[in-house]
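The block underneath contains the structure these notes are about, expressed in structure tokens.
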């Protein structure tokens with residue numbers, strides 16, 4: 016069973032996708048804002064597997080807990096990371112292939128939108144595995 020905040024985050028992501036589907040998305044933050052991500056993380060149970068998977072991506076010098084993840088997202092790190100990744104995704108299909116492979120999902124198209132589609136598909140597969 017999903018938590019209320021999880022349902023809220025999924026609804027926000029759907030609305031963002033629906034309203035942006037006819038506009039080019041040049042940056043990941045155009046699709047997944049810091050606010051939506053923060054809302055999602057704050058609503059996760061500290062022991063949830065989803066939170067644990069996010070915590071794995073914290074910089075090596077950070078403690079491995081929910082508070083550290085939230086603090087990391089509040090700082091400039093989120094925008095720096097999304098800007099760097101978005102720039103790489105705009106470099107061409109070779110970069111897109113390398114990024115999707117590096118994140119462990121199949122290539123779903125060029126640019127930021129292709130990356131989002133691939134990540135979404137992988138997320139759905141992972142969610143099915145968790146349930």
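Residue numbers (my numbering): 16 to 146.
Glycine included, every Cβ here is placed at the ideal spot set by N, Cα and C.
Computed from a predicted model, the values in this text were never measured in an experiment.
Cutoff 6 Å; reference residue i; Cβ partners in own chain excluding five residues on either side
i           : result
residue 40  : 46, 127 and 128
residue 130 : 104
residue 137 : 120
residue 125 : 108 and 111
Residue i to residue j span [Cα, whole Å]
i           : j           : result
residue 94  : residue 100 : 10 Å
residue 71  : residue 42  : 23 Å
residue 62  : residue 76  : 21 Å
residue 111 : residue 50  : 26 Å
residue 56  : residue 81  : 8 Å
residue 115 : residue 135 : 12 Å
residue 64  : residue 102 : 30 Å
residue 86  : residue 53  : 10 Å
Rounded Cβ spacing between residue i and residue j (contact assumed at less than 8 Å)
i           : j           : result
residue 123 : residue 107 : 16 Å between Cβ atoms; not a contact.
residue 66  : residue 60  : 7 Å
residue 88  : residue 79  : About 15 Å separates the two Cβ atoms, so there is no contact after all.
Coarse secondary structure for residue i, derived from DSSP in three states
i           : result
residue 61  : coil
residue 42  : coil
residue 140 : helix
residue 79  : coil
residue 122 : coil
residue 130 : helix
residue 104 : helix
residue 88  : helix
residue 4   : Beyond the ends of the chain as shown, which are 16 and 146, falls residue 4; an answer cannot be given.
residue 54  : helix
Contacts around residue i, its chain only, beta-carbon distance under 8 Å, and the 5 residues preceding and following it disregarded
i          : result
residue 98 : 42 and 44
Close beta carbons around residue i, own chain, < 7 Å, minus the five adjacent residues each side
i          : result
residue 84 : 56, 69, 70 and 73
Heavy atom of the ligand PLP within 6 Å of residue i beta-carbon
i          : result
residue 86 : The ligand PLP is absent from the structure shown, which contains no ligands of any kind.
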